[in-house]
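Undergrad:
In full-length UniProt numbering, the protein residues as written are 1 to 388.
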């Protein structure tokens, strides 16, 4: 008999661990949603019926097991509803598995009474471990009364009750600790998982912030296009990758922009810079990069582009800005905003540096300004300047 009780207790402990894994994402608490409590109730109810299948047969009509501990544990952790629901499932199982009889009815009633009492005790405010002990005692008392009405032999009754109380009290204590350990372990795993998710989210946000900061560090704050820093790095990259193909720079600035600011104000001047940069940007193909070089001066990197192609780009930019017809009454070349453009090209090699190309483009731009403005000037590869 003792061996059978130990087997029943072992089955109970193993089932707690399995259920803890099955429902690890649905912790059973007093505050748990009703659906979660029903999941656990069904699981514990099935467990109670499994314990009956491995019960200890005392005589031809009486069986004993640890089913009341199932109700105790579910009541301690989940409260009244799962205690009652699991008790109903166990009571129905007692009748369905062993047939409709007086003993089945009495046993089912005892299970339901245990569920009600444990559910009521779960509402009290003392410590959960003490609740579990009191619930266990109440369940044992109900079982003792039922067994006492069916066993006339006092020696057998005493032996059964001693073993039942011994295994139930020890098993109940171990069962509570095991259920608590599984619950705490699952909670720790959920917190760890949540922390990992939060950490990943933080890393993603940090990476996004770093990417944004990096983009901002390469962006001109006024116009929103690339800035001088980005231009310097991109030119170096294009210079290093150019192999036997021309690399061309196109520089332009707004004619008499200082007079524009003096006439219309700096806010209007800022707005003019924004409009021009966006219009030029919209006109360009995706493989070209427009940068604000400084003040009203802009630069465009044209990889694998010779002078004839660069001239087409320059004329397109010049015509685009003129078509905007931005008023410029103080200009000495037109009554609208115009551009002076300088173009320079070269075949990069190890004996030359990007700064030389920048200097050539700047010289071509300066030549446009000194040649009457609103013009396009080029510096050919032989160093000859020409205004068009």
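Glycine residues also receive a C-beta, built at the ideal position from the N, C-alpha and C atoms.
Roughly how many angstroms separate the alpha carbons of residue 330 and residue 264, rounded to a whole number?
TA: On the chain shown, residue 330 is found 330 positions in, with the first residue counted as 1. On the chain shown, residue 264 is found 264 positions in, with the first residue counted as 1. Cα to Cα, residue 330 sits roughly 10 Å from residue 264.
Undergrad: Could you tell me the boundaries of the beta strand (DSSP E) in which residue 252 lies?
TA: As a first step, residue 252 must be located in the chain shown, where it is residue number 252. Residue 252 -> beta strand (DSSP E) spans 247 to 254.
Undergrad: Our contact map puts residue 186 next to residue 27 with C-beta atoms below 8 Å; I'd like the distance itself, whole angstroms only.
TA: One-based indexing of the chain shown puts residue 186 at position 186. One-based indexing of the chain shown puts residue 27 at position 27. About 6 Å; that satisfies the 8 Å criterion.
Undergrad: Quick check: the Cα distance between residue 72 and residue 199, rounded to an integer number of angstroms?
TA: To locate residue 72, count along the chain shown from 1; it is residue 72. To locate residue 199, count along the chain shown from 1; it is residue 199. The alpha-carbon atoms of residue 72 and residue 199 are separated by roughly 39 Å.
Undergrad: Determine the direct distance from the alpha carbon of residue 184 to that of residue 393, and round the result to whole angstroms.
TA: This structure cannot settle anything about residue 393, because the visible part of the chain is limited to 1 through 388.
Undergrad: Given a threshold of 16 other Cβ atoms within 10 Å of its Cβ, counted over all protein chains shown, does residue 312 qualify as buried or as exposed?
TA: The residue given as residue 312 occupies position 312 in the chain shown. Exposed, because fewer than 16 other Cβ atoms sit within 10 Å of the Cβ of residue 312.
Undergrad: Does the Cβ-Cβ distance between residue 85 and residue 154 come in under 8 Å?
TA: The residue you call residue 85 lines up with position 85 of the chain shown. The residue you call residue 154 lines up with position 154 of the chain shown. Contact flag unset, no.
Undergrad: Can you give the Cα-Cα distance for residue 142 and residue 24, rounded to whole angstroms?
TA: Position 142 of the chain shown, counting from 1, holds the residue named residue 142. Position 24 of the chain shown, counting from 1, holds the residue named residue 24. Using only the alpha carbons, I get a separation of about 32 Å.
Undergrad: Do residue 156 and residue 107 count as a contact pair if the criterion is CB distance below 8 Å?
TA: Here residue 107 corresponds to residue number 107 of the chain shown, with the count starting at 1. Here residue 156 corresponds to residue number 156 of the chain shown, with the count starting at 1. Their beta carbons are not under 8 Å apart, which means residue 107 does not touch residue 156 by this criterion.
Undergrad: Leaving out five residues on either side along the sequence, give the residues of the same chain with a beta carbon under 6 Å from the beta carbon of residue 279.
TA: If you number the chain shown from 1, residue 279 lands on position 279. Around residue 279: 320.
Undergrad: Quick one, are the C-beta atoms of residue 301 and residue 289 less than 8 Å apart?
TA: For the purposes of this step, residue 301 is taken as residue 301 along the chain shown, with counting starting at 1. For the purposes of this step, residue 289 is taken as residue 289 along the chain shown, with counting starting at 1. Yes, these two residues count as a Cβ contact at 8 Å.
Undergrad: Inspect the beta-carbon positions of residue 281 and residue 225 and report whether they are closer than 8 Å.
TA: Translated into the one-based positions of the chain shown, residue 281 becomes position 281. Translated into the one-based positions of the chain shown, residue 225 becomes position 225. Yes; because the gap between Cβ atoms is below 8 Å, this pair is in contact.
Undergrad: Could you give the uninterrupted runs of the alpha helix (DSSP H) lying entirely in the segment 140 to 175, keeping only those of 4 residues or more?
TA: Counting only runs of 4 or more, we get nothing.
Undergrad: Assuming residue 333 and residue 294 make a contact with CB atoms under 8 Å, what is their CB distance in whole Å?
TA: For the purposes of this step, residue 333 is taken as the residue at position 333 of the chain shown. For the purposes of this step, residue 294 is taken as the residue at position 294 of the chain shown. That belief does not hold up - the Cβ atoms of residue 333 and residue 294 are roughly 22 Å apart, past 8 Å.
Undergrad: Per DSSP, what kind of secondary structure is residue 218 in: helix, strand or coil?
TA: Against the chain shown, residue 218 aligns to sequence position 218. The answer is coil: DSSP assigns residue 218 none of H, G, I, E or B.
Undergrad: So, with DSSP's three-state summary, where would you put residue 240?
TA: As a position in the chain shown, residue 240 is number 240, starting the count at 1. Three-state result, residue 240: helix.
Undergrad: Closer than 7 Å by C-beta to residue 384: which residues in its own chain qualify, once you throw out the five before and the five after it? Chain order, please.
TA: Counting from one through the chain shown, the residue named residue 384 turns up at place 384. Confidence at residue 384 is low in this model, with a pLDDT of 49, below 50, so its placement is unreliable and the value that follows should be read with caution. So no residue of the chain qualifies.
Undergrad: Does DSSP put residue 70 in a helix, in a strand, or in coil?
TA: Translated into the one-based positions of the chain shown, residue 70 becomes position 70. If DSSP states are grouped into helix, strand and coil, residue 70 belongs with the helices.
Undergrad: So, using beta-carbon positions, are residue 305 and residue 375 closer together than 8 Å?
TA: Position 305 of the chain shown, counted from the start, is the residue given in the question as residue 305. Position 375 of the chain shown, counted from the start, is the residue given in the question as residue 375. No, these two residues do not count as a Cβ contact at 8 Å.
Undergrad: Excluding the five sequence neighbours on either side, which residues of its own chain have a C-beta within less than 8 Å of the C-beta of residue 134, listed in chain order?
TA: Your numbering for residue 134 matches position 134 in the chain shown. The residues are 121.
Undergrad: Based on Cα-Cα distance, which residue from 98, 68, 244 and 81 lies nearest to residue 35?
TA: Against the chain shown, residue 35 aligns to sequence position 35. Here the closest residue by C-alpha is 81.
Undergrad: Take residue 292 as the anchor and find which of 49, 229, 271 and 345 has the nearest alpha-carbon.
TA: Locating residue 292 in the chain shown gives position 292, counting from the first residue. Considering only alpha carbons, the answer is 229.
Undergrad: Do residue 182 and residue 286 come within 8 Å of each other at the CB atom, strictly closer than that value?
TA: If you number the chain shown from 1, residue 286 lands on position 286. If you number the chain shown from 1, residue 182 lands on position 182. For residue 286 and residue 182, no; Cβs fall outside 8 Å.
Undergrad: Using the Cβ count rule (16 or more neighbours within 10 Å means buried), how would you classify residue 243?
TA: Position 243 of the chain shown, counted from the start, is the residue given in the question as residue 243. Exposed is the call here.
Undergrad: Using C-beta distances below 6 Å, list every residue in its chain close to residue 259, excluding the 5 sequence neighbours before and after it, in chain order.
TA: Taking the chain shown and counting its residues from 1, one reaches residue 259 at position 259. Once the five neighbours on either side are set aside, the close Cβ partners of residue 259 are 330.
Undergrad: Taking residue 325 as the reference, give the member of 245, 231 and 336 with the closest Cα.
TA: On the chain shown, residue 325 is found 325 positions in, with the first residue counted as 1. Looking at the Cα atoms, 336 is the closest of the given residues.
Undergrad: By how many angstroms is the C-alpha of residue 308 removed from the C-alpha of residue 314?
TA: Counting from one through the chain shown, the residue named residue 314 turns up at place 314. Counting from one through the chain shown, the residue named residue 308 turns up at place 308. Looking at the two C-alpha atoms, the distance is approximately 10 Å.
Undergrad: Rounded to the nearest angstrom, what separates residue 123 and residue 78 at their Cα positions?
TA: What you label residue 123 is simply residue 123 of the chain shown in a count that begins at 1. What you label residue 78 is simply residue 78 of the chain shown in a count that begins at 1. Going by the C-alpha atoms only, they are around 10 Å apart.
Undergrad: Leaving out five residues before and five after residue 274 in sequence, what residues of the same chain have Cβ atoms less than 6 Å from its Cβ?
TA: Along the chain shown, one-based indexing puts residue 274 at 274. Around residue 274: 223.
Undergrad: Residue ranges of each beta strand (DSSP E) run of no fewer than 3 residues wholly in the UniProt domain "GGDEF" (245 to 381), ordered along the chain?
TA: Counting whole runs of 3 or more residues, the UniProt domain "GGDEF" (245 to 381) contains the beta strand (DSSP E) stretches 247 to 254, 289 to 294, 297 to 303, 339 to 346 and 376 to 379.
Undergrad: Within the present structure, is the beta-carbon of residue 356 separated from the nearest heavy atom of the ligand FMN by less than 7 Å?
TA: By its list of ligands, the structure shown contains no ligand whatsoever, and the ligand FMN lies outside what it can speak to.
Undergrad: From the DSSP output, read off the bridge partner residues of residue 226.
TA: For this step, residue 226 is matched to residue 226 along the chain shown. Per DSSP, 219 and 291.
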